[in-house]
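Quick note: the numbering used here has the sequence shown finishing at residue 368, numbered continuously throughout. Yeah, the Cβ is synthetic: ideal placement off N, Cα and C, and Gly gets one too. Worksheet for the structure shown next.
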Amino acid sequence: MEPHILELPRRVVVGRGVIDSIGSDYDIMKLPDSPLILADDTTLKIAGERVAASLSKYSPAIEMVGDSTVEEAERVSGVAENHSCIISVGGGKIIDIGKVAAFRRGIPFISVPTAPSHDGIASERASLTHGSSKASIKARPPLAIVADIAIIMSAPRRLIASGAADAISNITAVEDWRLGSVKGEYYSPYAVSLAMFSAEIVIASAGQIRERKERGIRNLVEALLTSSISMSMAGSSRPASGSEHAFSHALDSLGSRALHGEQCGVGSIMMAHLQGGDWERVRDALKKLGAPTTARGLGISDGTLIRALTMAGGLRDRHTILNERILDEEKARELARATGVIC
Ligand SMILES: [Zn+2]
């Protein structure tokens, strides 16, 4: 067998108020002076300034980050030239830019998530816009993650529900991977267990997550971390990205403005139906979380949804249920109707 290389974070700190002691985490890891903190207007106020204060003896600099584009990652990588480490303070966008810039510079990366909006927290890939499409780009997995529950609990409800939906969508991703394994693809039951554990803990905590209770948000953060680690175990995004993610990528290319996890959740309802799985359980969990379960909830037309379903199977070189059940327009419509995603 080929050797298997896992890049896992060295230090993960989860708890209330933990960003105020990021300076001592920095001491323990013996990192050099002059880190570069990335933030935007919102995350600077709620967390970035506190991170900078805690790291004051290391003379940190702060850089404001714009859109999650490849060009912006290049620009930030230039800014990071004389810095020893990149610390991203924010949601998916700022984390993605930071981990790509740190990879290009060959310096350590620290992730300080302010919202639990997807499961890329600890992964070695980032999703950035390149021209009109989204690309998955090689990035640096974090050396450390400092997840302050008090801040994450106050994140917008929609971002929280979206992150939870992303974890739930592992259910269909894992089944797609099993179908791939029947075709001879490498398959890791260990990675599958971790990915399924993430989905199940989110389903079990759905009520507490929706109410932004501390226990629920902690479970969600840990579930997203576990999901991220399942991808490191697998050496690819396989355990957390199947046909439902292909559907989400298709929607992105059609100009949908819904969030990644929201799209994957709705995709997962339909793909679970196609796989012969318990699609109602997926839908009910999403409803309980307050995540969208219909085209309308995603803010897209029925036509766009059908078009994304017919495109999804051809988007990636990865075996999924969409290779076994080809969706033409009529079949896509039937599937969306059968699951109540369109009326
Ligand atoms: Zn995802």
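Asked: Inter-stretch contact (C-beta, 8 Å, three-pair minimum) for the segment 60-75 and the segment 187-194; Found: no
Asked: Coarse secondary structure for residue 147, derived from DSSP in three states; Found: coil
Asked: Inter-residue Cα distance where the pair is residue 74 and residue 67; Found: 11 Å
Asked: Close beta carbons around residue 95, own chain, < 6 Å, minus the five adjacent residues each side; Found: 153 and 155
Asked: Stretch pair the segment 315-330 + the segment 359-368: three plus CB contacts closer than 8 Å; Found: yes
Asked: Residue 270 Cβ short of 7 Å to ligand 1 heavy atom set; Found: yes
Asked: Whole-angstrom distance between residue 54 and residue 122, CA atom to CA atom; Found: 23 Å
Asked: C-beta atoms of residue 275 and residue 340 nearer than 8 Å; Found: yes
Asked: Inter-stretch contact (C-beta, 8 Å, three-pair minimum) for the segment 251-260 and the segment 284-303; Found: no
Asked: Touching by the beta-carbon criterion (3+ pairs, under 8 Å), the segment 209-223 and the segment 304-318; Found: no
Asked: Residue 133 versus residue 161 - alpha carbon distance; Found: 20 Å
Asked: Inter-residue spacing [alpha-carbon to alpha-carbon] between residue 207 and residue 83; Found: 52 Å
Asked: Distance cut-off 7 Å: residue 144 Cβ against heavy atoms of ligand 1; Found: yes
Asked: Limits of the alpha helix (DSSP H) - the one that residue 163 falls within; Found: First-last for residue 163: 158-163, but that is the beta strand (DSSP E), not the alpha helix (DSSP H).
Asked: DSSP state of residue 173 mapped onto helix, strand, coil; Found: strand
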